[in-house]
Every structure is written in structure tokens, then in C-alpha cells.
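Notes for the one structure printed next.
This is the structure we're talking about:
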């Protein structure tokens, strides 16, 4: 009944922490998981404790660094909640390591996306926990492409990623920080090819929702 959702902490969970002297210190992975789980539980308890709409509002629980491998570990725990089926888990970038290694568009990229999706399915989707892909790459440049890439068009790569995510029911949020994808002055998606991709998946998702009603 409520369209506004809250997310807890974004990417910071699991990262370095300030000590009592104000110095940023690396923490052990054991402590990082403990802190992540504790803060996520505190987030859920704090929101639920305010009552009214917040008593049943959908809440997005941030993963460890919002990293898929770390968040699908058995050491990451979803918080306990006073209501059923009102929590989602947030991770970022289903092809993150391929992007930074400049291996986009090739067979290794496709297999990597599938393996990351399989991890999310096993850890969360198969347990009826929805997945929120809080950041999804908006634009792939030529420098990001693998030497053996068979998919070299940015819009095509975006479509492939969105297809794999939405097929599993994962909610993708496109992340654009430099206005290459979305113009903050004209208030529209810059390239027609990207607009077609977004329209295509928007129409598919709307049709699926209507079919479920």
C-alpha cells in the first residue's frame, strides 16, 4: 500500500571505520560482518519502532559493501522483522569486476553475470527475499570492452544486463553520474537507443504487473 521505501546504509557497511582517535582504520572481515548485521538490525528496529506507515513499510537492507560475493556469504544475515515479506536486500553492479577489468561484451562477461545472478538466486530469491540492484551500469565505453567482445554497443550491453536481472525478478536501478545517460538539463535519456531499451523493459514490467492483478 505504500510506494515510498527506505534503504539503510548503501555502500558503507563493511568498510573502514574511524577509531576513538578519529583515525580511519581497516577492520577485520569478522568484525565487518558483525557490524553490518548489527547496524542492519538497528535500522529495521528503528523504522518499525516509529509505527504508523513505517510499521509495514518495505525496507531495503544494504549488503556488505553492497558487494554480491560478500553479501551472499552465509556470514551476512538478514535482520529479524516484526512483519513478514517487507524486507529487500541491496547489492550493486552485477558485472562490476568485468567493468573495471575492461572485459565487457565477451563470453567471460556473460558467464560472470550469470554466476552473480545464480549467487543472488540461491541466497535470496529462492528464500523469497527480493533483490534490489541499487546501482546498474548505465553506459559502457569502448575502453570497457573486452578484446574478444561480441557485444560492443552500450545500449545492447545495457539491454542484456536488464534482461538477465528482470528475468529473475531483480529490481535494477540505473546509475548515471556524468549525464552521459540522462540529461539533467533536458530531463530525458540522452540517446534514442537507450530510450528504446528503457521503454522495452518498462512495457514488459508493466504488462507483467497487470497480468498479476
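Numbering (UniProt numbering), first residue to last: 1 to 213. C-beta atoms are modelled at their ideal positions from N, C-alpha and C, and glycine is treated no differently. Model, not experiment: these values are computed from the prediction.
Query - Residues sharing a beta bridge with residue 17, DSSP - result: Numbered from its first residue, the chain shown carries residue 17 at position 17. Per DSSP, 25.
Query - Inter-residue spacing [alpha-carbon to alpha-carbon] between residue 42 and residue 116 - result: The count along the chain shown starts at 1 and reaches residue 42 at position 42. The count along the chain shown starts at 1 and reaches residue 116 at position 116. So the alpha carbons of these two residues sit roughly 28 angstroms apart.
Requested in this report: May I have the straight-line CA-CA distance separating residue 249 from residue 152, to the nearest angstrom?
Outcome: For the chain, the structure presents residues 1 to 213; residue 249 sits outside this window and is missing.
**Report entry** With 16 other Cβ atoms within 10 Å as the buried cut-off, status of residue 128
**Finding:** Here residue 128 refers to the residue found at position 128 of the chain shown. Classification for residue 128: exposed.
Query - Distance between beta carbons of residue 125 and residue 168, contact taken as under 8 angstroms - result: The count along the chain shown starts at 1 and reaches residue 168 at position 168. The count along the chain shown starts at 1 and reaches residue 125 at position 125. Going by Cβ atoms, the distance from residue 168 to residue 125 rounds to 6 angstroms, so yes, they are a contact pair.
Query raised in the report: How would you write the range of the beta strand (DSSP E) that residue 174 sits in, first residue to last?
Result: Position 174 of the chain shown, counted from the start, is the residue given in the question as residue 174. Here the beta strand (DSSP E) through residue 174 covers 171-175.
**Report entry** Sequence-distant residues of the same chain with beta carbon closer than 7 angstroms to residue 141, five excluded per side
**Finding:** In the chain shown, the residue the question calls residue 141 occupies position 141. Setting aside the 5 residues that flank it on each side, residue 141 has no residue in the same chain whose C-beta is closer than 7 angstroms to its C-beta.
Query raised in the report: Got a sec? Which residues, its chain only, sit under 8 angstroms from residue 166 by beta carbon, not counting five neighbours each side?
Result: Within the chain shown, the letter at position 166 stands for residue 166. Only 172, 201, 204, 205 meet the Cβ criterion.
Requested in this report: Kindly give me the distance between the Cβ atoms of residue 32 and residue 14, rounded to whole angstroms, as I take these residues to be in contact under 8 angstroms.
Outcome: Taking the first residue of the chain shown as position 1, residue 32 is located at position 32. Taking the first residue of the chain shown as position 1, residue 14 is located at position 14. Sure, about 4 angstroms apart at Cβ, within 8 angstroms.
Query raised in the report: What's the gap between the Cα of residue 132 and the Cα of residue 185?
Result: Within the chain shown, the letter at position 132 stands for residue 132. Within the chain shown, the letter at position 185 stands for residue 185. Answer to the nearest angstrom: the Cα atoms are 28 angstroms apart.
Query raised in the report: Would you say residue 102 and residue 138 are within 8 angstroms of each other, going by their C-beta atoms?
Result: By 1-based counting over the chain shown, the position of residue 102 is 102. By 1-based counting over the chain shown, the position of residue 138 is 138. Cβ distance not < 8 angstroms, so residue 102 and residue 138 don't count as in contact.
Report task. Scan the segment 34-114 and note each continuous beta strand (DSSP E) run of 3 residues or more that stays entirely inside, going in chain order. Result -> 59-62, 87-92
**Report entry** Stretch-stretch touch, CB-based, cutoff 8 angstroms, three pairs: the segment 1-11 with the segment 52-66
**Finding:** yes
Report task. Just list the beta strand (DSSP E) runs in the segment 109-145, keeping only unbroken ones of 3 residues or longer that don't cross its boundaries, in chain order. Result -> 131-137
Report task. Go through its chain and collect everything with a Cβ distance to residue 119's Cβ below 8 angstroms, but skip five positions before and after it. Result -> Taking the chain shown and counting its residues from 1, the one referred to as residue 119 is at position 119. Excluding positions up to five away in sequence, the list reads 68, 69, 72.
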